[in-house]
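One line per chain: the protein sequences are A, C and Y, in this order.
Residue 1 is where the first sequence starts when you use the working numbering, and the numbers rise one by one after that.
Residue 1 is where the second sequence starts when you use the working numbering, and the numbers rise one by one after that.
Residue 1 is where the third sequence starts when you use the working numbering, and the numbers rise one by one after that.
Beta carbons are placed, not taken as given, at the ideal position from N, Cα and C, and that holds for glycine.
Contents: one structure, followed by commentary.
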Amino acid sequence: MTITQLTERLVASYARLGGINHLDGKNLPSKRAIAAITIDLLRLLFPGFFDEKLVHSSEIKIETANRLHRLVGGLEDEVCKSLEYAPPADVPKKEIRKIARNRTIEFLNSLPRIRELLQTDTEAAYNGDPAALSVEEVIVSYPFIEAIAVQRLAHELYLLDIPLIPRIMTEWAHTRTGMDLHPGARIGPYFFVDHCTGTVVGETCQIGEHVKMYQGVGLVAKSLAAGQALRGLKRHPTIEDRVTIYAGATIMGGDTVVGEGSTIGANVFLTTSVPPYSLVIQEEAKVKVLSKKAREQAAMDFQI
Amino acid sequence: MTITQLTERLVASYARLGGINHLDGKNLPSKRAIAAITIDLLRLLFPGFFDEKLVHSSEIKIETANRLHRLVGGLEDEVCKSLEYAPPADVPKKEIRKIARNRTIEFLNSLPRIRELLQTDTEAAYNGDPAALSVEEVIVSYPFIEAIAVQRLAHELYLLDIPLIPRIMTEWAHTRTGMDLHPGARIGPYFFVDHCTGTVVGETCQIGEHVKMYQGVGLVAKSLAAGQALRGLKRHPTIEDRVTIYAGATIMGGDTVVGEGSTIGANVFLTTSVPPYSLVIQEEAKVKVLSKKAREQAAMDFQI
Amino acid sequence: MTITQLTERLVASYARLGGINHLDGKNLPSKRAIAAITIDLLRLLFPGFFDEKLVHSSEIKIETANRLHRLVGGLEDEVCKSLEYAPPADVPKKEIRKIARNRTIEFLNSLPRIRELLQTDTEAAYNGDPAALSVEEVIVSYPFIEAIAVQRLAHELYLLDIPLIPRIMTEWAHTRTGMDLHPGARIGPYFFVDHCTGTVVGETCQIGEHVKMYQGVGLVAKSLAAGQALRGLKRHPTIEDRVTIYAGATIMGGDTVVGEGSTIGANVFLTTSVPPYSLVIQEEAKVKVLSKKAREQAAMDFQI
Numbered sequence: 001m002t003i004t005q006l007t008e009r010l011v012a013s014y015a016r017l018g019g020i021n022h023l024d025g026k027n028l029p030s031k032r033a034i035a036a037i038t039i040d041l042l043r044l045l046f047p048g049f050f051d052e053k054l055v056h057s058s059e060i061k062i063e064t065a066n067r068l069h070r071l072v073g074g075l076e077d078e079v080c081k082s083l084e085y086a087p088p089a090d091v092p093k094k095e096i097r098k099i100a101r102n103r104t105i106e107f108l109n110s111l112p113r114i115r116e117l118l119q120t121d122t123e124a125a126y127n128g129d130p131a132a133l134s135v136e137e138v139i140v141s142y143p144f145i146e147a148i149a150v151q152r153l154a155h156e157l158y159l160l161d162i163p164l165i166p167r168i169m170t171e172w173a174h175t176r177t178g179m180d181l182h183p184g185a186r187i188g189p190y191f192f193v194d195h196c197t198g199t200v201v202g203e204t205c206q207i208g209e210h211v212k213m214y215q216g217v218g219l220v221a222k223s224l225a226a227g228q229a230l231r232g233l234k235r236h237p238t239i240e241d242r243v244t245i246y247a248g249a250t251i252m253g254g255d256t257v258v259g260e261g262s263t264i265g266a267n268v269f270l271t272t273s274v275p276p277y278s279l280v281i282q283e284e285a286k287v288k289v290l291s292k293k294a295r296e297q298a299a300m301d302f303q304i
Numbered sequence: 001m002t003i004t005q006l007t008e009r010l011v012a013s014y015a016r017l018g019g020i021n022h023l024d025g026k027n028l029p030s031k032r033a034i035a036a037i038t039i040d041l042l043r044l045l046f047p048g049f050f051d052e053k054l055v056h057s058s059e060i061k062i063e064t065a066n067r068l069h070r071l072v073g074g075l076e077d078e079v080c081k082s083l084e085y086a087p088p089a090d091v092p093k094k095e096i097r098k099i100a101r102n103r104t105i106e107f108l109n110s111l112p113r114i115r116e117l118l119q120t121d122t123e124a125a126y127n128g129d130p131a132a133l134s135v136e137e138v139i140v141s142y143p144f145i146e147a148i149a150v151q152r153l154a155h156e157l158y159l160l161d162i163p164l165i166p167r168i169m170t171e172w173a174h175t176r177t178g179m180d181l182h183p184g185a186r187i188g189p190y191f192f193v194d195h196c197t198g199t200v201v202g203e204t205c206q207i208g209e210h211v212k213m214y215q216g217v218g219l220v221a222k223s224l225a226a227g228q229a230l231r232g233l234k235r236h237p238t239i240e241d242r243v244t245i246y247a248g249a250t251i252m253g254g255d256t257v258v259g260e261g262s263t264i265g266a267n268v269f270l271t272t273s274v275p276p277y278s279l280v281i282q283e284e285a286k287v288k289v290l291s292k293k294a295r296e297q298a299a300m301d302f303q304i
Numbered sequence: 001m002t003i004t005q006l007t008e009r010l011v012a013s014y015a016r017l018g019g020i021n022h023l024d025g026k027n028l029p030s031k032r033a034i035a036a037i038t039i040d041l042l043r044l045l046f047p048g049f050f051d052e053k054l055v056h057s058s059e060i061k062i063e064t065a066n067r068l069h070r071l072v073g074g075l076e077d078e079v080c081k082s083l084e085y086a087p088p089a090d091v092p093k094k095e096i097r098k099i100a101r102n103r104t105i106e107f108l109n110s111l112p113r114i115r116e117l118l119q120t121d122t123e124a125a126y127n128g129d130p131a132a133l134s135v136e137e138v139i140v141s142y143p144f145i146e147a148i149a150v151q152r153l154a155h156e157l158y159l160l161d162i163p164l165i166p167r168i169m170t171e172w173a174h175t176r177t178g179m180d181l182h183p184g185a186r187i188g189p190y191f192f193v194d195h196c197t198g199t200v201v202g203e204t205c206q207i208g209e210h211v212k213m214y215q216g217v218g219l220v221a222k223s224l225a226a227g228q229a230l231r232g233l234k235r236h237p238t239i240e241d242r243v244t245i246y247a248g249a250t251i252m253g254g255d256t257v258v259g260e261g262s263t264i265g266a267n268v269f270l271t272t273s274v275p276p277y278s279l280v281i282q283e284e285a286k287v288k289v290l291s292k293k294a295r296e297q298a299a300m301d302f303q304i
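Here you go:
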């Protein structure tokens, strides 16, 4: 088997299986470009934290202007590609570049508002974790800050009806933090997720203020045969203010509402609403104390 | 304490603790080279998706030939290193390079077949997730596609008895996606894992068609004193066709079979087989509604 | 809206929301520099494993000396920055550089001791996992080895009262492995966590010898209103020798002690102590076998 033969077999499979090629199509947004843009946006949101050298306020204005200048063109190009990929209804093709520019500016204009939200999240993280020595430690080392900053950025692009880019941004953060916050989720201020890994927040979630969650929490949809037919419907739960959800709890369904001030214990699987101030926990686990020999046996087959 | 003294103490520890050095040994496959090879393989599997510039079908043949030419030499070198590290039985040392070349070609020859499987997985992901706007969005942004593509590649190398490389490939994907799919697992078509983070599929798992899973699902082995003595035995469960497994469920043991069409609820710990069309869920969690004061007390000690 | 206007609005927000800027402040340790230092430290701990070219013992002394020379200056700079950020009590500012140098040397001097611990962890990983073909495979491909090596390094810096750096190091490993081992945790020899993703070990945990855990295990603190007031108190559990903890189990609270030789089943939520040789598992999940039609209905609303 020669390279030429391998090439022919592969190219034949490209022709045969069209579904997973992207040939002659519209250019898709570049994951690499969007990663670089996201990093620049994080530096604009948290000035001085992610730069190698110390930033002085005397320089901050020129630094910020330069960073915005670098950013705006590249972001506009990616927005344009994603709008060409899925054009808004009744928009003439020649208008798309202009729409891309306007939405890019509108998005950048939301950065101060996003900063206000992120300051509440940072405060919640610091106050909520005795292991945190300072706000600086939270910002430089907590994966949560990166994950929520990217989600709040992506949420603005989502509200501006930019396709693909918001999801590429949150998946970039998902890879780095292990937390999958969908750009569509509506998340209130003073949000904190400790440890992050494995936590999932679905597209149509609504999360109130001062909500605290841990690793491995799922706010998810039921898996229904209907599948794509459900797009656009509210499929994910509503979490009211001041709710705490411990590690590994899964809360499912668009009609499920967790009332304010409730606590959900670890590894609970909740598929129905609970009233305010509920405490929801699993049955106590069985504890059996066995002889060393009996325990080894039991460890093998989990009989009691 | 000088650098010289630090050096001497460290070098002495290298001599004393041989187990975790790799000196004078055979050259091991390079993680960095294998990461680069894996990225090239993903581009061959999904042409046009991960390239910066748009690919036209007029160029695809020459692009593919060039990519294969670049790939084949480097891959053969790594395969050769891993075979020298653990030589096949009764193979003269001078034969190893030839065997490495043959297995490399045989592996590359499986790419069209792997693409057929990946098209079924992509279809399952798109159909199974109302949040997905298009097949393109699934391929460019879902970690699942990367994880399953790498596992299906690594599985072919595993079947060709190439040591080390398959596991290095799947651990590369594990780092990026949070999902640990062992190269040995036999996974049927139309597979989909939503969100991926924390999901583990063990070496001797058998998974049927149209199986849908979520984050944090473990298809794992019992932890037995026997340890290494169990190598080669079936230690992980069998999942039949059209099974759905919700987040955080752990299914354990080589004799455990989940019958076709079953649904396993979130956070279930299953160590025995269940018949077709089973619904397996935990006891409902206890819900107690408390006064605000009582709730805060309860949140502290989890008494009810 | 022009770039100039965007710049002014952002700079105004920097002035208004001081909490999440780092301007005119002390220089913080550089995440990028600490990542590079951590990689060099891993190469010193596992010589020959992460180098592209084969290392011969004839070269190892000079290689080690060169690596230490490269390392020591950069590490001392970062230690100095973090001590200037949070100076030790009653230390004159001009002493800080000297203290940084001494603690850096003291830290590097602990590497042989760390290697002794890592050899026990590597042995535990190899013996505990039948899927492991060799110790080499464990070291080159298991995320656990990287995670525990970084934690044992960071723990030494933590004991030397170096701020920020230990946490930046363990979060670097958290991003790569999905496992969040706090630098403060006291972890005995022969430790092994299989798969790693989602596992969290809190700051004040104490873990004995020969403890084996799986993905998604949380050794965590209760979430209390007290928050920062609890800093320094023991908030996380104690795990005695030869305990096995299966995937997704959450063990909570500073007074919680899991007695030696115990086994904790998957997805258990444990908030109280258990005596030696306990077996702790959830109630068996309910299994109901339904007609195909009934099952589809049930899958939608999880009624039984």
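Going by DSSP, which residues form a beta bridge with residue i?
| i | result |
| --- | --- |
| Y/Arg186 | Y/Gln206 |
| C/Thr272 | DSSP lists no partner for C/Thr272. |
| A/Met213 | A/Val193 and A/Ile245 |
| C/Thr238 | C/Gln206 and C/Val257 |
| Y/Lys286 | C/Ile281 |
| Y/Ile251 | Y/Leu219 and Y/Leu270 |
Nearest by alpha-carbon distance to residue i: which of the options is it?
| i | options | result |
| --- | --- | --- |
| A/Glu63 | Y/Leu6, Y/Glu63, Y/Val140 and Y/Pro143 | Y/Leu6 |
| C/Ser273 | C/Leu41, C/Ala65, C/Ala229 and C/Val257 | C/Val257 |
| A/Phe107 | A/Thr199, A/Pro166 and A/Phe49 | A/Pro166 |
| Y/Ser291 | C/Gly259, C/Glu209 and C/Val289 | C/Gly259 |
| Y/Val243 | Y/Arg9, Y/Val211 and Y/Leu233 | Y/Val211 |
| C/Ile207 | C/Ala12, C/Leu111, C/Arg103 and C/Ile187 | C/Ile187 |
| Y/Val287 | C/Ile251, C/Val289, C/Ile281 and C/Ser82 | C/Ile281 |
| Y/Leu10 | A/Gly74, A/Asp77 and A/Glu116 | A/Glu116 |
Could you check what DSSP says for residue i in three-state terms: helix, strand or coil?
| i | result |
| --- | --- |
| A/Ile162 | coil |
| C/Ile304 | Low per-residue confidence applies at C/Ile304: pLDDT is 37, beneath 50, and the placement is therefore not dependable, though the value from the model is reported in the following sentence. Reduced to three states, the DSSP call for C/Ile304 is coil. |
| A/Thr2 | coil |
| Y/Ser278 | strand |
| A/Gly18 | helix |
| Y/Ser13 | helix |
| C/Leu133 | coil |
| Y/Val74 | Correcting the residue identity first, residue 74 of chain Y is Gly in this sequence and not Val. If DSSP states are grouped into helix, strand and coil, Y/Gly74 belongs with the helices. |
| C/Gly265 | coil |
| A/Gly48 | coil |
| A/Glu8 | helix |
Thinking C-beta only, is residue j closer than 8 Å to residue i?
| i | j | result |
| --- | --- | --- |
| A/Leu270 | A/Ala294 | no |
| C/Met169 | C/Ile264 | no |
| Y/Pro88 | C/Tyr14 | no |
| A/Phe306 | A/Asp241 | Beyond the ends of chain A as shown, which are 1 and 304, falls residue 306 of chain A; an answer cannot be given. |
| A/Cys196 | A/Ala147 | yes |
| C/Leu23 | Y/Ser57 | yes |
| A/Gly198 | C/Gly198 | yes |
| A/Ala131 | Y/His182 | yes |
| C/Pro128 | C/Asp194 | For clarity, residue 128 of chain C is Gly in the given sequence; the question names Pro instead. Yes; because the gap between Cβ atoms is below 8 Å, this pair is in contact. |
For residue i, which residues in chain A fall below 8 Å Cβ to Cβ?
| i | result |
| --- | --- |
| C/Ile139 | Ile20 and His22 |
| Y/Asn267 | Gly248 and Asn267 |
For residue i, go through chain Y and note every residue whose CB falls closer than 8 Å to its CB, in chain order.
| i | result |
| --- | --- |
| A/Ile105 | Met1 and Leu6 |
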